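Enquirer: For reference, the structure I am asking about is given below.
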Amino acid sequence: MAELTFSPEELTARKRLRHDPRPLSYEMLADIFPKYKQSQFSTVDRCSSLVLINRSKIPEGLPHGKKVFVNFMGPSAAGKDSILKKAVKMVQNLKRDIKFSKVVTATTREPDTEIRKEDSGSYEYMNNESFIKAKENVRFIETVHQDPYYYGTPKDAVDAAISSGDIITWIGEIGGSDDVLDYVREHYPNVVTLSVFVLPTQLTFREFAGNLLKQRKNNPVQRVRRVIKEFASAHKVDILLLNPFDQSGEPIQAPEALTQLLTQIIS
């Protein structure tokens, strides 16, 4: 994977996080990464206590609109895909006329590498040559190189998703989120934009990292470093969605919390 860089403050926090015996939580991360406190996260009226809004970015409360573009982020193994799939079903049971669409991102990763076959529709698969050519032709909004693979968000994929859905979701990393949201705001000013970060809770960092490495066995050192970098950067997002882990490993409360959030925003 691509080499990650940490500020001196993040390096100090990284050491604390690795050895902290407390379960992951907003309070624990706010103690380790002071910028969380500057973001003034708090609960939202008529939403689950698992939903925390960044008051420094959205001081007036939740936005509302007929179309909502949601950047859905979080570390690997945090439960993003499971939460989103369950929330989609819940929202459509409540509001059957709501259409969901998903931005199909591009990758040079092999289709059956590290993903379940039923998730293969999440990606446009390309070889290195075609990906680099597309990048040179400015087809992508953002790209990332996680050695040996490339990932990117095609402009036409965002356009297609917005044209076909009421709630549009993009799944990616915090590093590319701002570029994607800036593109949407520039080209679709009437679309509400929101960044959501899934924060796994009730496990210590060591327990969470152990679970991650059981599922994703290659590049273990870089994978753990990437998780720490995402935790260090999550104070920038609009919404923190807490995902309490239980013994089954399946998200129990977070899908309902996300459903409450989405149904409040979409009008």
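So for the sequence shown, our numbering puts the first residue at 6; every next one is plus one. A virtual CB, placed ideally from N, CA and C, is assigned to each residue, including glycine. No experiment lies behind these values; they were computed from the predicted model shown.
1) So, using beta-carbon positions, are Gly84 and Pro256 closer together than 8 Å?
2) To the nearest angstrom, report how far apart Val201 and Leu266 are at their CA atoms.
3) I'd like the list of long-range same chain contacts for Met6, defined as Cβ closer than 6 Å, with 5 residues on each side in sequence excluded.
4) Using the Cα positions of Lys107 and Leu208, report the straight-line distance between them to the nearest angstrom.
5) Is Asn133 close to the ligand GTP? I mean its beta-carbon at under 7 Å from any heavy atom of the ligand.
6) Tell me the rounded alpha-carbon separation between Ser61 and Gly157.
7) Just mark Leu16 as buried or exposed, buried being the case when its beta carbon has 16 or more other beta carbons within 10 Å.
8) Can you say whether Thr118 is buried or exposed, counting buried as having 16 or more other CB atoms within 10 angstroms of its CB?
9) Which same chain residues, not among the five before or five after Asp184, have their C-beta less than 6 Å away from its C-beta?
10) Roughly how far, in whole angstroms, is the beta-carbon of Leu57 from the beta-carbon of Ile244, given that I think they are within contact range, below 8 Å?
11) Take Tyr155 and list the residues in its own chain whose beta-carbon comes closer than 6 Å to its own, dropping the five residues that flank it on each side.
12) Thr268 and Leu99: beta carbons closer than 8 Å?
13) Output the distance between the C-alpha atoms of Arg144 and Val96, rounded to the nearest integer angstrom.
14) Work out the CA separation of Arg101 and Glu2 for me, nearest whole Å.
15) When the Cα atoms are used, what is the spatial distance from Lys42 to Ala239?
16) I need the straight-line Cα distance from His69 to Ile172, nearest angstrom please.
17) By the DSSP assignment, the alpha helix (DSSP H) with Ala214 in it spans what residues?
18) Apply the 10 Å Cβ neighbour rule to Arg19 and answer buried if 16 or more other Cβ atoms are within range, or exposed otherwise.
19) Put Tyr193 into one of helix, strand or coil per three-state DSSP.
20) For Lys72, is the classification buried or exposed, using 16 other Cβ atoms within 10 angstroms of its Cβ as the cut-off for buried?
21) What separation, rounded to the nearest whole angstrom, lies between the Cα atoms of Glu141 and Gly180?
Expert: The answer reads as follows:
1) yes
2) 10 Å
3) Reliability fails at Met6, whose pLDDT of 41 lies under 50, so the model's placement of it is uncertain and no value is given.
4) 30 Å
5) In terms of ligand content, the structure shown is empty, and the ligand GTP therefore cannot be addressed.
6) 29 Å
7) exposed
8) For Thr118, the pLDDT reaches just 49, beneath the cut-off of 50, and the residue's location in the model is therefore unreliable, although a value from the coordinates is still provided. Label assigned to Thr118: exposed.
9) Ile146 and Glu147
10) 7 Å
11) Thr113 and Phe136
12) yes
13) 32 Å
14) This structure cannot speak to residue 2, because the chain is shown only from 6 to 272.
15) 12 Å
16) 12 Å
17) Phe210 to Gln220
18) buried
19) coil
20) buried
21) 20 Å
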